[in-house]
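First the structure, in the form of C-alpha cells, and then the observations on it.
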Amino acid sequence: MKIKQIYLLRSSFAFLLLVFLGYLVKFYPENLAGIDTNIQTAMRGDFPSVATRFFTTITNLGNELFLFLFCLFLSFSFYIKNWKAEAGFILVNFIAVGLLSTALKYLYQRPRPKIKWLIQTTGPSFPSWHTASILLITAAIVVIIQQRMKSSFLRLLLQILLIVTALLVGISRIYIGVHHPTDILGGWLLALGLSQMIYPYYHEWRFKWRFSGKQK
Numbered sequence: 032m033k034i035k036q037i038y039l040l041r042s043s044f045a046f047l048l049l050v051f052l053g054y055l056v057k058f059y060p061e062n063l064a065g066i067d068t069n070i071q072t073a074m075r076g077d078f079p080s081v082a083t084r085f086f087t088t089i090t091n092l093g094n095e096l097f098l099f100l101f102c103l104f105l106s107f108s109f110y111i112k113n114w115k116a117e118a119g120f121i122l123v124n125f126i127a128v129g130l131l132s133t134a135l136k137y138l139y140q141r142p143r144p145k146i147k148w149l150i151q152t153t154g155p156s157f158p159s160w161h162t163a164s165i166l167l168i169t170a171a172i173v174v175i176i177q178q179r180m181k182s183s184f185l186r187l188l189l190q191i192l193l194i195v196t197a198l199l200v201g202i203s204r205i206y207i208g209v210h211h212p213t214d215i216l217g218g219w220l221l222a223l224g225l226s227q228m229i230y231p232y233y234h235e236w237r238f239k240w241r242f243s244g245k246q247k
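Here's what the structure looks like:
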C-alpha cells in the first residue's frame with residue numbers, strides 16, 4: 032500500500048470515530064453523561080488557585096485571534112525564507128480546522144456544560160475548536176521542525192514541549208468548565224483526521240517544489 036493511502040486510511044478511521052462520537056452526542060447524550068460528569072468532577076476538585084490561574088492562562092493559546100495572528104506570522108516567516116510549502120501547510124491547516132469544526136458545531140448543536148464557567152464563551156460545544164486547532168497547528172509545526180531543525184536534541188525537546196502544550200490547552204477547556212470531556216476527544220479526533228489527510232499532499236508538493244527549485 033502506498034504511503035499516501037496509509038495516511039488517508041488513518042484519516043478516514045479518525046473521521047469515522049468522530050462521526051460515531053457525534054452520533055452519540057446528537058442522539059444519545061445520556062450515554063455520555065456519566066463519563067463526562069465523572070471526568071469533570073475529578074478535574075474540578077479541590078485544586079489550588081495556582082492550577083486555576085495556569086489553566087485560565089494556557090487556554091488562551093487556543094483563542095481564534097491568537098492562532099490566526101500566529102499562523103499568519105509563521106506563514107509569512109516561512110514564505111520569506113522561501114519555504115513556500117511550509118507556509119501553505121500552516122495556512123491550509125488553520126483554514127481547514129476552522130471551517131470543519133464550525134460546521135460540525137452547528138450540525139450537532141451540543142449545549143455547553145451546565146456548570147460554573149471560569150471564562151465566558153458562546154456557541155455550541157462539540158467538537159472543541161480550541162482543542163482541534165491548537166493540536167493541528169502544533170502537529171504541523173512539529174513536522175516542519177522535524178524536517179528543518181538540525182539539532183536532534185533541540186528538535187525533540189521543542190516537539191515534546193509543543194505537543195504537551197497543545198494537550199494541556201484541550202484539558203484546560205474541561206477545567207474551566209466550557210467543554211464536556213467528549214468535546215475534547217472530538218477535537219483531538221478532528222485534528223488527527225485532518226493532519227493525516229493534509230500531510231501527504233503537503234509532502235508531495237514540498238518534494239516537487241524543492242526538486243524543481245521553486246523553494247529551498
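Position in the sequence shown (from 1) plus 31 gives the number in the working numbering. Think of the CB as a built atom: it goes at the ideal place given N, C-alpha and C, for glycine as much as any other residue.
- Between the CA atoms of TYR54 and SER183 - distance to the nearest angstrom: 43 Å
Candidates PHE97, LEU122, PRO155 and PHE86, of which the one nearest SER108 by Cα | LEU122
Can you give the Cα-Cα distance for PHE104 and ILE70, rounded to whole angstroms?
-> 36 Å
For this session: Determine the DSSP secondary structure at SER42, reduced to helix, strand or coil.
Result: Three-state DSSP puts SER42 in a helix.
- Message: Using only the alpha-carbon positions, how far apart do GLN246 and VAL50 sit?
- Response: 38 Å
Touching by the beta-carbon criterion (3+ pairs, under 8 Å), the segment 141-151 and the segment 165-173
no
Beta-carbon contacts of GLY129 that lie in its chain and below 6 Å, excluding the five residues immediately before and after:
none
Under a Cβ-count criterion, where at least 16 other Cβ atoms within 10 Å of its own Cβ denotes burial, should GLU117 be classed as buried or exposed? GLU117 counts as buried, since at least 16 other C-beta atoms from the protein chains shown sit within 10 angstroms of its C-beta.
ask   = Secondary structure at ASN91, three-state DSSP: helix, strand or coil?
value = In the three-state scheme derived from DSSP, where H, G and I count as helix and E and B as strand, ASN91 is classed as helix.
- prompt: Are three or more beta carbon pairs between the segment 131-141 and the segment 184-192 nearer than 8 Å?
  reply: no
Item to complete: State yes or no: is the C-beta of ILE176 within less than 8 Å of the C-beta of LEU189?
Response: yes
* Rounded C-alpha distance that separates ALA127 from GLY224 -> 11 Å
Exercise for review: Taking LEU52 and THR213 to be in contact with their CB atoms under 8 Å, please state how far apart those CB atoms are, rounded to whole angstroms.
Suggested key: That belief holds up - the Cβ atoms of LEU52 and THR213 are roughly 6 Å apart, short of 8 Å.
Considering only the beta carbon of each residue, do GLN140 and PRO158 sit closer than 8 Å? no
Open item on the list: Between which residues of its own chain and ALA45 is the CB-CB distance below 7 Å, once the five residues before and five after are set aside?
Closed with: LEU220, LEU223, GLY224 and GLN227
request  = Would you tell me roughly how many angstroms separate the C-alpha atoms of ASP77 and TRP114, rounded to the nearest one?
outcome  = 48 Å
Shortest alpha-carbon distance to ILE37 belongs to which of PRO231, HIS211, MET74 and ARG241? PRO231
Check each candidate in ASN94, ARG179, GLU61 and LEU166 and name the one with the smallest Cα separation from ILE194.
LEU166
Query raised in the report: Does the beta carbon of VAL81 sit closer than 8 Å to a beta carbon anywhere in chain B?
Result: Here there is only one protein chain, and chain B is not present.
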